[in-house]
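In UniProt numbering, the protein residues as written are 1 to 188.
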């Protein structure tokens, strides 16, 4: 489309000029936008026009197969990064000082982590607030429905508890028995 066609098309439009813009002003805006678009595309397409680092070789050609060196040795094995001690490692060998576990049928992966957390962070005056972070971690990694309750019997397992999810414990200065357990989620 040349300039005259553009100008004539603009004049023939049946709608009033947007915000009383003259055809010349409108044309100038369109041309500036076109220049900006070209300028931007020059930089956004910068990597498309660059030839590859090495030209590709068609391996179906006999000359190419003969000229490519064959690697006979095995590739080097990647080094494994050094393993650092984690919270999970220290929880396995942890000897609790304040907590006495009275009964547990909790999963063996999570039991030492929960015991260590309880021993280090339990506050009897704010039971739920002190245990909430480990309950949240259990919810995120195992599933929903984790609770902490005061119970009367050391071997009590709630009737609606998920199998292998109960840990009953007591703290030495306190006589109260507590239970961390996972309640079955009701299905509707």
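Just so you know, even glycine gets a beta-carbon here, dropped at the ideal spot from N, CA and C. Keep in mind that this is a model prediction, so the values were computed, not measured.
So is residue i buried or exposed if we call it buried at 16+ other beta carbons inside 10 Å?
i, result
"residue 168", "buried"
"residue 123", "exposed"
"residue 179", "buried"
"residue 165", "buried"
"residue 108", "exposed"
"residue 172", "exposed"
"residue 30", "exposed"
Check for me: the alpha helix (DSSP H) holding residue i runs from which residue to which?
i, result
"residue 138", "127 to 141"
"residue 117", "111 to 121"
Give the DSSP bridge partners of residue i, in chain order.
i, result
"residue 181", "147"
"residue 104", "167"
"residue 99", "171"
Span of the beta strand (DSSP E) holding residue i?
i, result
"residue 167", "167 to 171"
Give me the Cβ distance between residue i and residue j, rounded to the nearest whole Å; I'm assuming they're in contact under 8 angstroms.
i, j, result
"residue 162", "residue 182", "4 angstroms"
"residue 170", "residue 102", "6 angstroms"
Nearer than 7 angstroms: is that true of the beta carbon of residue i relative to any heavy atom of the ligand MN?
i, result
"residue 98", "The ligand MN is absent from the structure shown, which contains no ligand whatsoever."
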